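Let me begin by presenting the structure, written as structure tokens, before commenting on it.
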Amino acid sequence: MQTLLLAIAGLAFLMIVLEDVVHINKAKTTLFLGTLAWLLLFLFPPHGADSHLIQEKLDENILEIASLWLFLMAAMTFVAFLNHQGLIETLIYKVLPKRLSERKLMFLVAGFAFFFSSLSDNITATLISIALVLSLKLDAKKTVRFAVMVVFAVNSGGVALITGDVTTLMIFMQQKVAIDDLLWLSLPALASVMLLAGLMSLKLSGEVVISPSPRRDDKVGMMIAFIFLLTIISTIILNVIASVPPLLTFLFGLSIMFLIGRLCYRDDERESLLDYIRVIEFDTLLFFLGILLLVGMMKEIGVLDSLVKVYELLPTTGANFVMGLLSSLVDNVPLTAALLKSDIDMDAANWLTLTYAVGVGGSLLVIGSAAGIVAMSKVEAITFISFMRYSGVILVAYSCGFAGSYLVGQALH
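This is the structure in structure tokens:
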């Protein structure tokens with residue numbers, strides 16, 4: 000039975016990698032195989048286990064998954080509203096000058112993608128940043144160059160805030176890192192993004208004219224944007240001073256958004272703000288559900304113990320660096336979940352470096368992160384090979400960021 004369960008897990012990870020080949024959404028395959036694995040565990044329990052014990056272990060997994068789900072649902076609903084109203088694009092075009100050099104634009108795009116991905120999920124941040132790049136109507140090679148920059152910046156921006164990257168959220172919820180320590184991680188992450196922007200802009204010499212599309216002002220929308228920002232700040236402060244769970248603060252902020260929408264849009268014919276829950280990426284949430292069920296099953300049958308062997312063969316810092324490289328081949332969500340479930344003994348400083356590694360390492364290949372997959376789907380010129388041409392400079396930036404995260408961890412602990 001253990002062999003069959005391992006085969007199911009292997010098939011699930013293979014279907015994730017081959018999603019663009021088989022044209023089956025990875026949410027469908029992981030959810031099917033994840034639930035199938037637990038059904039088999041109940042029907043054919045391992046030696047020494049009974050249905051009550053398996054039920055107890057499943058309940059633990061469901062509790063972790065539910066906390067992650069609800070937090071992501073709240074954050075994604077905020078961003079879905081702001082994106083649909085065009086408020087994000089309006090803000091971008093108000094900040095950008097009408098004419099600027101391509102080199103300066105590279106730094107501005109990198110900076111925007113970095114900071115915006117800290118506040119929203121990586122998929123939304125990539126979509127908005129790529130839309131900005133495509134609106135500039137650059138030639139194919141330059142578009143790929145800018146898109147590669149967006150992927151790295153988005154992945155880097157997400158590592159320092161629990162709102163930005165699901166792997167950071169997962170590590171935080173297991174109490175491996177403190178929320179105030181994560182904020183310091185933004186320093187090496189931003190430094191590595193600026194380093195890559197400098198390297199990527201060396202061959203650029205042209206000038207770009209910005210032509211924003213006209214949009215009407217929405218005062219209520221701006222108020223909700225302010226509430227979103229205030230919710231993020233409150234999440235950090237309340238967790239530090241009173242250990243308030245981020246999930247609770249975000250759900251409170253979401254409820255305020257719904258109430259303001261009800262009061263201020265009373266005479267408006269637009270849809271109810273509750274409708275934005277229906278437009279968030281539920282396939283992403285279902286993918287996380289399936290993956291975490293699979294990883295939970297693998298822990299129960301003792302498979303995750305093999306991951307610890309990497310940390311026995313290499314120094315902890317070196318093993319963390321390798322995990323970052325591995326995340327470019329294996330989806331970082333199951334990889335992070337597996338590392339957390341395997342109960343690796345590391346101090347807070349090393350968990351910080353691992354947070355950076357699994358969050359940013361996926362940028363090395365276009366298939367290594369959700370940001371890369373989204374960019375490839377939106378930019379025709381991006382292929383596996385065209386993206387890999389930049390893997391060398393990305394590795395340099397990733398290595399510098401990793402070294403910086405190590406120094407930050409040592410300074411804090």
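Mapping to numbering that gives the first Met the number 0: the sequence shown position 40 is 39, numbers consecutive. By construction, the Cβ of each residue, glycine as well, lies at the ideal position given by its N, Cα and C atoms. It should be emphasised that the depicted structure is a prediction, and the values quoted were computed from it without experimental measurement.
{"Item": "Just checking my contact of M322 with A356 at CB under 8 angstroms: how many whole Å lie between their CB atoms?", "Value": "5 angstroms"}
{"Item": "Is the Cβ-Cβ distance between F113 and S155 less than 8 angstroms?", "Value": "yes"}
{"Item": "For the putative contact between A124 and F249, defined by C-beta atoms under 8 angstroms, what is the C-beta separation to the nearest angstrom?", "Value": "Contact flag wrong, Cβ pair sits at about 17 angstroms."}
{"Item": "In whole angstroms, give me the CA-to-CA distance for L411 and D180.", "Value": "7 angstroms"}
{"Item": "Enumerate, from N- to C-terminal direction, the unbroken beta strand (DSSP E) stretches of 3 or more residues contained entirely within the stretch 176-235.", "Value": "206-208"}
{"Item": "Under the DSSP definition of a beta bridge, which residues are partnered with R98?", "Value": "V208"}
{"Item": "Specify the secondary structure class of K136 as computed by DSSP and reduced to three states.", "Value": "coil"}
{"Item": "Taking all protein chains shown into account, decide if R144 is buried (16 or more other Cβ within 10 angstroms of its Cβ) or exposed.", "Value": "buried"}
{"Item": "Hey, is the stretch 25-43 in contact with the stretch 276-296, meaning 3+ C-beta pairs nearer than 8 angstroms?", "Value": "yes"}
{"Item": "Decide if F43 is buried, meaning its Cβ has at least 16 other Cβ atoms within 10 Å, or exposed.", "Value": "exposed"}
{"Item": "Which term fits K308, buried or exposed, when burial requires 16 or more other beta carbons within 10 angstroms of its beta carbon?", "Value": "exposed"}
{"Item": "Would you decide whether A152 is buried or exposed? Buried here means 16 or more other CB atoms lie within 10 Å of its CB.", "Value": "buried"}
{"Item": "Does the Cβ-Cβ distance between A414 and A374 come in under 8 angstroms?", "Value": "Any property of residue 414 remains undetermined from this structure, which presents the chain solely from 0 to 412."}
{"Item": "P45: which of V302, L118 and K140 sits nearest, CA to CA?", "Value": "V302"}
{"Item": "Count Cβ pairs between the stretch 310-319 and the stretch 54-72 that sit closer than 8 angstroms; are there 3 or more?", "Value": "no"}
{"Item": "Consult DSSP for H51 and reduce its assignment to one of helix, strand or coil.", "Value": "helix"}
{"Item": "What is the rounded straight-line gap between the Cα of L107 and the Cα of G400?", "Value": "19 angstroms"}
{"Item": "Can you tell me whether DSSP reads F257 as helix, strand or coil?", "Value": "helix"}
{"Item": "Can you list, in chain order, the residues of its chain whose CB lies under 6 angstroms from that of Y275, leaving out five sequence neighbours each side?", "Value": "T76, A79 and F80"}
{"Item": "I'd like the span of the alpha helix (DSSP H) that includes A6, first residue to last.", "Value": "Q1 to V16"}
{"Item": "Short of 7 angstroms in beta carbon distance, which residues of its chain neighbour L325, apart from the five on each side in sequence? Order them along the chain.", "Value": "L334"}
{"Item": "Alpha carbon to alpha carbon, how far is P187 from G403?", "Value": "5 angstroms"}
{"Item": "Can you tell which of Y92, I381, I343 and V219 has the C-alpha that lies nearest to the C-alpha of M256?", "Value": "V219"}
{"Item": "Using a Cβ-Cβ cutoff of less than 6 angstroms, which residues in the same chain neighbour M0 once the five nearest sequence positions on both sides are dropped?", "Value": "F43"}
{"Item": "Terminal residues of the continuous alpha helix (DSSP H) containing V378?", "Value": "Element bounds for V378: n/a, residue is neither H nor E."}
{"Item": "CA-CA distance, L328 and E101?", "Value": "32 angstroms"}
{"Item": "Would you mind stating whether L394 and L364 have Cβ atoms separated by less than 8 angstroms?", "Value": "no"}
{"Item": "What residues in its chain sit with their C-beta under 7 angstroms from that of G157, if we drop five residues either side in the sequence?", "Value": "S116, S117, N121, G163, D164, T167 and G358"}
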